[in-house]
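FYI, the numbering for the sequence shown is 1 to 87, going by UniProt numbering. From the three backbone atoms N, C-alpha and C, an ideal C-beta is built for every residue, glycine too. All values reported here derive from a predicted model rather than from experimental measurement. Below is one structure, written out as structure tokens; the observations come after it.
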Amino acid sequence: MKPVVSAKNAWACTVVSVYAIFILGAIALLYRGDHEEFVGGREDVEDGKAASNVIFSAVIVYAVFLVFCGFQGLLHVREKRRGAISL
């Protein structure tokens, strides 16, 4: 299997995805817990659980990116070390 993206892009996407999962996950947990900073004002979101569901869906998208980009990075490592697998 050959990599689709370059090694640099694959590892950059992996790092960004890890950070996004942690940061968005923390924000979603704050919304789900109705933290006052996020849902306490007049112009803020009224339904924290609905907002957290949307943010958790973004976390799932970034998890898919993490798996794809991590796999692409590992394909580059394998290709560099042993050569590509050819069928």
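- Between Q72 and A28 the beta-carbon gap is near 27 angstroms, outside 8 angstroms, which marks them as no contact.
- Sequence-distant Cβ neighbours of G25 in its own chain, meaning closer than 6 angstroms and more than five residues away, are V59.
- The segment 5-19 and the segment 44-54 do not touch, with fewer than three beta-carbon pairs separated by less than 8 angstroms.
- Considering only F56, E79, G70, the residue with the shortest C-alpha distance to Y31 is F56.
- Cβ-Cβ distances below 7 angstroms link G70 to T14 in the same chain, with the five nearest sequence neighbours on each side left out; the list follows chain order.
- Around the beta-carbon of Y19, fewer than 16 other beta-carbon atoms lie within 10 Å, marking it exposed.
- The residue among E46, V61, V45 with its C-alpha nearest the C-alpha of V16 is V61.
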